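Student: Here numbering that gives the first Met the number 0 is used: the first residue of the sequence shown is 0, the next is one more, and so on.
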Amino acid sequence: MGSISYPGVVLAVIDVSEANFVSEVLERSATVPVVVDFWAEWCGPCRTLGPLLEQAAQAREGKVVLAKLDTDANPRLAAEFQIQGIPAVKAFRDGRLVAEFVGAQGKPVVERFFDELLPSQADVLVGQGDEASLREALSLQPGRADAALPLARLLLARGERDEALQTLERVPGSFQADGLATRLRLEGDGQLDDAFAALDEGDTERGLESLLAALAESNGYRDDIRRVIVGELDALGAEHALARDVRRRLATTLY
Numbered sequence: 000m001g002s003i004s005y006p007g008v009v010l011a012v013i014d015v016s017e018a019n020f021v022s023e024v025l026e027r028s029a030t031v032p033v034v035v036d037f038w039a040e041w042c043g044p045c046r047t048l049g050p051l052l053e054q055a056a057q058a059r060e061g062k063v064v065l066a067k068l069d070t071d072a073n074p075r076l077a078a079e080f081q082i083q084g085i086p087a088v089k090a091f092r093d094g095r096l097v098a099e100f101v102g103a104q105g106k107p108v109v110e111r112f113f114d115e116l117l118p119s120q121a122d123v124l125v126g127q128g129d130e131a132s133l134r135e136a137l138s139l140q141p142g143r144a145d146a147a148l149p150l151a152r153l154l155l156a157r158g159e160r161d162e163a164l165q166t167l168e169r170v171p172g173s174f175q176a177d178g179l180a181t182r183l184r185l186e187g188d189g190q191l192d193d194a195f196a197a198l199d200e201g202d203t204e205r206g207l208e209s210l211l212a213a214l215a216e217s218n219g220y221r222d223d224i225r226r227v228i229v230g231e232l233d234a235l236g237a238e239h240a241l242a243r244d245v246r247r248r249l250a251t252t253l254y
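#1: Ignoring anything shorter than 3 residues, give me the beta strand (DSSP E) runs that lie fully in the stretch 99 to 142, in order along the chain.
#2: Using 10 angstroms around the beta-carbon of Thr70, count the other beta-carbons present and answer buried if the total reaches 16, otherwise exposed.
#3: Can you list, in chain order, the residues of its chain whose CB lies under 8 Å from that of Arg59, leaving out five sequence neighbours each side?
#4: Can you tell me the Cα-Cα spacing of Leu164 and Ala213, whole angstroms?
#5: Out of Gln54, Leu155 and Asp145, which has the shortest C-alpha to C-alpha gap to Asp199?
#6: Between the stretch 216 to 229 and the stretch 174 to 186, can you find at least three pairs of beta-carbon atoms closer than 8 Å?
#7: Could you tell me whether any Cβ in chain C is nearer than 7 Å to the Cβ of Ile82?
#8: Let's test the definition: count the other Cβ atoms within 10 Å of the Cβ of Leu89 and tell me whether it reaches 16, buried, or not, exposed.
#9: Quick one: residues in its chain with C-beta nearer than 7 Å to the C-beta of Tyr254, no 5 flanking neighbours on either side, listed in chain order?
#10: From Ala196, Arg143 and Glu162, pick the residue whose C-alpha is nearest to that of Gly172; which is it?
#11: Does the contact criterion of 3 or more C-beta pairs under 8 Å hold for the stretch 86 to 104 versus the stretch 21 to 37?
#12: Need the endpoints of the beta strand (DSSP E) that Arg92 sits in, please.
#13: Identify the residues that DSSP records as bridge partners of Phe37: which are they?
#14: So, under 8 Å CB-CB, Ala136 and Ala121 are touching, yes? Tell me the CB distance rounded to an integer number of Å.
#15: So Val24 and Ala66 are supposed to be a Cβ contact under 8 Å. How far apart are they, rounded?
#16: Less than 7 Å separating the beta-carbons of Leu232 and Arg247?
#17: Do Leu241 and Ile228 have their C-beta atoms within less than 7 Å of each other?
#18: Cα-Cα, which of Ala196, Leu191 and Ser138 is closest to Thr166?
#19: Over what stretch of residues does the beta strand (DSSP E) that includes Ile13 continue unbroken?
#20: Measure the beta-carbon distance from Ala147 to Arg169 and round it to whole angstroms, keeping in mind my assumption that it falls under 8 Å.
#21: Considering Val31, what are the terminal residues of the alpha helix (DSSP H) in which it resides?
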C-alpha cells in the first residue's frame, strides 16, 4: 500500500517494515508528520481503530502520513519501541517521537490526535517569513521567538532600532532574543565595535573571540557581554565545535 491519488481522493497510508522503517517513517517525518499504527491481524481492537486512523490520514490530504506496521511480522521494531499492547499509535516529526496513545480510541480522540500534529496558523505564517506574516504570527502568538527574531532583523536592516528592541523585549526565555536585545543596548561602546562588526560580517569566530576578550577586561557590564555571547552560542547550536569551545572558555572566564 502507498500514497496514491485519485480524482477527489487522497490516500496517505503506507505499509512499513523493518526494511523501510527508517526511510518511510523517520526520514519522511522530516517533511511531514508520520503516524505509525502498530497492529496485528489477530487483534480485534486493531480492526476497529485501523479504519479511523486511515480516514483521518486521508482527510488531511497528505499533510499527515499513516504508516501501518504489523508487529508479528516485525518483532524487532515492536521491541525497540517497547510495544506491550496493541493497537499502539506513535507519531513522529523530524525523526523523533512526539505523541502516542495505546488502545482503541473513538473518532474524536483520533481526530484531535491528528489535528495536533498539523502546523498552526502561526507556524505557517512564520514559515512564509515576510514582514506582514511575521507580524501576524506575533499577533496570534505574542512573544514567539521564531517570529520576533527575524522581524527584529528586518527592522534593524531598515534602521528601525527602537521597534526592533521593543519586539525582542517581548520574547521570554529566548537566549537569542535576549542576546540581540542586549547587543542593541551596548552598541556605541567603542570597546565592542570590532566584535559586533565581525558578527555582522558573518565572522562569528572572530566576533566571539573579541567578546571574550572584552569580557575578561570589563568590570561594569560583564553580564551584558555574557548575554550577547550566549545568544550567539545558542544560534550556533549545542553540538557546534566553536560553541563547545567558547562555552568552556566562557565558564573559565566567569568562574
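Each residue gets a CB set at the ideal place from its N, CA and C atoms; glycine is no exception. If you're wondering where the values come from, they're calculated on a predicted model, not measured in any experiment.
Tutor: According to the structure data:
#1: Listed in chain order, the beta strand (DSSP E) runs fully inside the stretch 99 to 142 amount to none, counting runs of at least 3 residues.
#2: For the purposes of this step, residue 70 is taken as the residue at position 71 of the sequence shown. Thr70 is buried by the Cβ-count criterion.
#3: Here residue 59 refers to the residue found at position 60 when the sequence shown is read from its first residue. Excluding residues within five positions, the ones whose Cβ falls inside 8 Å are Ala11, Phe113 and Leu117.
#4: For the purposes of this step, residue 164 is identified with residue 165 of the sequence shown, where counting begins at 1. For the purposes of this step, residue 213 is identified with residue 214 of the sequence shown, where counting begins at 1. Distance between the alpha carbons of Leu164 and Ala213 is about 23 Å.
#5: The residue given as residue 199 occupies position 200 in the sequence shown. Taking each of Gln54, Leu155 and Asp145 in turn and checking the Cα distance to Asp199, the smallest one comes out for Leu155.
#6: With the cut-off at 8 Å, the stretch 174 to 186 and the stretch 216 to 229 touch.
#7: Structure shown: chain C not included; a single protein chain is present.
#8: On the sequence shown, position 90 is the one that residue 89 refers to. The identity of residue 89 in the sequence shown is Lys, whereas the question assumes Leu. With 16 or more Cβ atoms within 10 Å of its Cβ, Lys89 is classed as buried.
#9: As a working note, residue 254 is residue 255 in the sequence shown. Non-local C-beta neighbours of Tyr254 in its own chain, meaning closer than 7 Å and more than five positions away in sequence, are absent.
#10: Position 173 of the sequence shown, counted from the first residue, corresponds to residue 172. Checking every option, the nearest Cα to that of Gly172 belongs to Arg143.
#11: Between the stretch 86 to 104 and the stretch 21 to 37, the count of Cβ pairs shorter than 8 Å is three or higher; the stretches touch.
#12: Indexing the sequence shown from 1 puts residue 92 at position 93. Start and end: Ala87 to Arg92.
#13: Walking along the sequence shown from the start, residue 37 turns up at place 38. For Phe37, which the question treats as bridged, DSSP gives the partners Leu68 and Ala87.
#14: Locating residue 136 in the sequence shown gives position 137, where the first residue counts as 1. Locating residue 121 in the sequence shown gives position 122, where the first residue counts as 1. That belief holds up - the Cβ atoms of Ala136 and Ala121 are roughly 4 Å apart, short of 8 Å.
#15: On the sequence shown, residue 24 is found 25 positions in, with the first residue counted as 1. On the sequence shown, residue 66 is found 67 positions in, with the first residue counted as 1. A Cβ-Cβ distance of about 5 Å is found for the pair Val24 and Ala66, placing them in contact under the 8 Å criterion.
#16: As a working note, residue 232 is residue 233 in the sequence shown. As a working note, residue 247 is residue 248 in the sequence shown. No. Outside cutoff.
#17: In the sequence shown, counting from the first residue as 1, residue 241 sits at position 242. In the sequence shown, counting from the first residue as 1, residue 228 sits at position 229. Against a cut-off of 7 Å, the Cβ pair of Ile228 and Leu241 comes out as no contact.
#18: As a position in the sequence shown, residue 166 is number 167, starting the count at 1. For the residues Ala196, Leu191 and Ser138, the minimum Cα distance to Thr166 belongs to Ser138.
#19: Walking along the sequence shown from the start, residue 13 turns up at place 14. Ile13: member of the beta strand (DSSP E) spanning Val12 to Asp14, first to last residue.
#20: Stepping through the sequence shown from its first residue, residue 147 is reached at position 148. Stepping through the sequence shown from its first residue, residue 169 is reached at position 170. Between Arg169 and Ala147 the Cβ distance is about 7 Å, and since that is below 8 Å, they are a contact.
#21: Here residue 31 refers to the residue found at position 32 when the sequence shown is read from its first residue. Premise fails: Val31 is in no alpha helix (DSSP H) and is neither H nor E.
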